[in-house]
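Remarks on the structure that follows.
Numbering (the working numbering), first residue to last: 12 to 479.
Have a look at this one:
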């Protein structure tokens, strides 16, 4: 979770209802009685491709004199201080109250960014109260209905604008975490990759409804397979399905029942985000199943983007291939579209198959295993630095403020996915376009298709110098 959002506001404006909607489960009690939420509650929220920590602050009952001020500060000060963004919620049907103004006054003095939202605007209700909210001095209020799920697209846009800024800070933290993992796990980029055959290969099969995920899963778990488990040789539980493939343990996250949510706004493509994210996070390799007659809809690209963000290996399975007449032209078109639409993960393997007839399904597991090997790839420090020298000599990084940017040293800091650090005294002045050039060159030189590659620019001395 990259950032923290605190929902603040007076009692009974819908804070807990919005909290429950974003978290996806009823962790907070919801009632019409003011002050039902006595404690701060925290949860992992999902909105589109955003994942963040959300805090539901305690509602405040109406009071008078100093007690009101004291209780307001006790209930909000810590939440505001800890949050990256505050979401001030008002009841649009009730209009702006003196207590709303008190909250706004506190937030205007705080350095924490604020999003103002007018709740209970379902069906266009509460417009007069929403217009009143402009007087709070916190910008244009977003119209929301936490109960009915309306306005979440606008909330996504508002939060995404902040998330972009937090992502820059997360990059530095991600590298620190990677270096810490390196130290803790004894990661050695010079050691060859040896697969752990005792650990199961974890796969998620995801995609839009009705593309043939269920049929494909049934083909993979056919009667000719050696299956493990207490009944009929197969184990099905809330985690997944286990079986043996060529003597190797495999664990499959079966999302065949995943359906679009009926009440999610069209802007978020009505994607069952929670189900998809759970599957992606479980997996090491994610298979996105497409319908050959309707490839690459926006929802497919959204799922692929989530896979890249979570750092998992990716493979495309094009189902219903038996219905395609000109297979060569269609496959060529698919590859071109994939390169154009997913430039951040070049070379994603495509497997064409028919889950119904079984034709081509025998190619899927070997392709998954290859992606898993790429995902675990290690490149020796010596090879990397020879590569860096040659790559930079062919195309120097742009000068910054008239001064050259020198890339001094490079090392792989972890795998799963392959993560690299490039050290430079002017790391923050290496443009995104040049980083992209390095990533694409890495992928091509060391044969790393279909997996995310993390590349961090690092200031200061080489942390591996002491190890030499």
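For every residue, glycine included, the Cβ atom is placed at its ideal position computed from N, Cα and C.
Taking only the alpha-carbon atoms, compute the straight-line gap between residue 455 and residue 378 and give it to the nearest angstrom.
Pairing residue 455 with residue 378, the inter-Cα distance amounts to about 18 Å.
Give me the Cβ distance between residue 318 and residue 291, rounded to the nearest whole Å; I'm assuming they're in contact under 8 Å.
Sure, about 6 Å apart at Cβ, within 8 Å.
At which residue ranges does the stretch 113-170 contain complete alpha helix (DSSP H) runs of 4 or more residues, listed in the order of the chain?
Counting whole runs of 4 or more residues, the stretch 113-170 contains the alpha helix (DSSP H) stretches 138-143.
Cβ-based burial, residue 23 [other Cβ within 10 Å; buried from 16]:
Answer is buried; the Cβ neighbour count reaches 16.
Regarding residue 23 and the ligand FMN, is the C-beta to nearest heavy atom distance less than 6 Å?
Inclusion of the ligand FMN in the displayed structure is not the case, the ligand content being empty and no account of it being possible.
Under 8 Å: do the stretch 326-346 and the stretch 354-371 share three or more Cβ pairs, one atom per stretch?
Contact between the stretch 326-346 and the stretch 354-371 is present: three or more C-beta pairs spanning the two stretches fall below 8 Å.
The alpha helix (DSSP H) with residue 229 in it runs from where to where?
Note, residue 229: alpha helix (DSSP H), 224-231.
Give me the Cα-Cα distance between residue 17 and residue 98, rounded to the nearest whole angstrom.
Cα to Cα, residue 17 sits roughly 6 Å from residue 98.
Spell out a yes or no on whether the stretch 209-224 and the stretch 378-394 are touching, meaning 3 or more CB-CB pairs, one atom from each, closer than 8 Å.
The stretch 209-224 is in contact with the stretch 378-394.
Are residue 230 and residue 371 closer than 7 Å when you measure CB to CB?
In terms of Cβ geometry, residue 230 and residue 371 do not form a close pair [threshold 7 Å].
Rounded to whole angstroms, what's the CA-CA distance from residue 115 to residue 218? Just pull it up for me.
Using only the alpha carbons, I get a separation of about 43 Å.
Which residues DSSP lists as bridging residue 493, in chain order
For the chain, the structure presents residues 12 to 479; residue 493 sits outside this window and is missing.
Would you call the CB atoms of residue 170 and residue 100 closer than 7 Å?
A distance of 7 Å or more separates the beta carbons of residue 170 and residue 100.
Assigned exposure category for residue 417 - 16 Cβ within 10 Å defines buried
Under the 10 Å beta carbon count, residue 417 is surrounded by fewer than 16 other beta carbons and is classified as exposed.
Do residue 348 and residue 307 have their beta-carbon atoms positioned less than 7 Å apart in this structure?
A distance below 7 Å separates the beta carbons of residue 307 and residue 348.
Can you grab the Cα-Cα spacing for the pair residue 118 / residue 88, in whole Å?
Going from the Cα of residue 118 to the Cα of residue 88 covers about 9 Å.
Where do the N-terminal and C-terminal ends of the beta strand (DSSP E) with residue 311 fall, by residue?
Note, residue 311: premise wrong, no beta strand (DSSP E); alpha helix (DSSP H) at 309-321.
If I measure Cβ to Cβ from residue 108 and keep anything under 7 Å in the same chain, skipping five residues before and after, which residues do I get?
Same-chain partners within the cutoff: 21.
Could you pull the start and end residues of the beta strand (DSSP E) that residue 432 belongs to?
Its beta strand (DSSP E) spans residues 430-434.
Given that a residue counts as buried once 16 or more other Cβ atoms are within 10 Å of its Cβ, and exposed if not, what is residue 140?
Buried is the call here.
Pair every Cβ in the stretch 422-431 with every Cβ in the stretch 400-411, then say whether three or more of these pairs are closer than 8 Å.
No: the two stretches stay apart, fewer than three of their Cβ pairs being nearer than 8 Å.
What's the gap between the Cα of residue 223 and the Cα of residue 294?
When rounded, the distance between both Cα atoms is 19 Å.
So, is residue 397 buried or exposed, given that buried needs 16 or more other C-beta atoms within 10 angstroms?
Answer is exposed; the Cβ neighbour count stays below 16.
Within the continuous alpha helix (DSSP H) that includes residue 397, where are the two ends?
Membership of residue 397 in the alpha helix (DSSP H) is indicated by the continuous run 392-405.
Please state whether DSSP places residue 387 in a helix, a strand or coil.
Collapsing the DSSP output to three states places residue 387 in coil.
Proximity below 7 Å, CB of residue 90 to CB of residue 125
Contact flag unset, no.
Measuring CA to CA, which of 68, 453, 35 is closest to residue 395?
If we check each option's Cα against that of residue 395, 453 comes out closest.
Report yes if the C-beta distance between residue 32 and residue 157 is below 7 Å; otherwise report no.
When the beta-carbon positions are compared, residue 32 and residue 157 come within less than 7 Å of each other.
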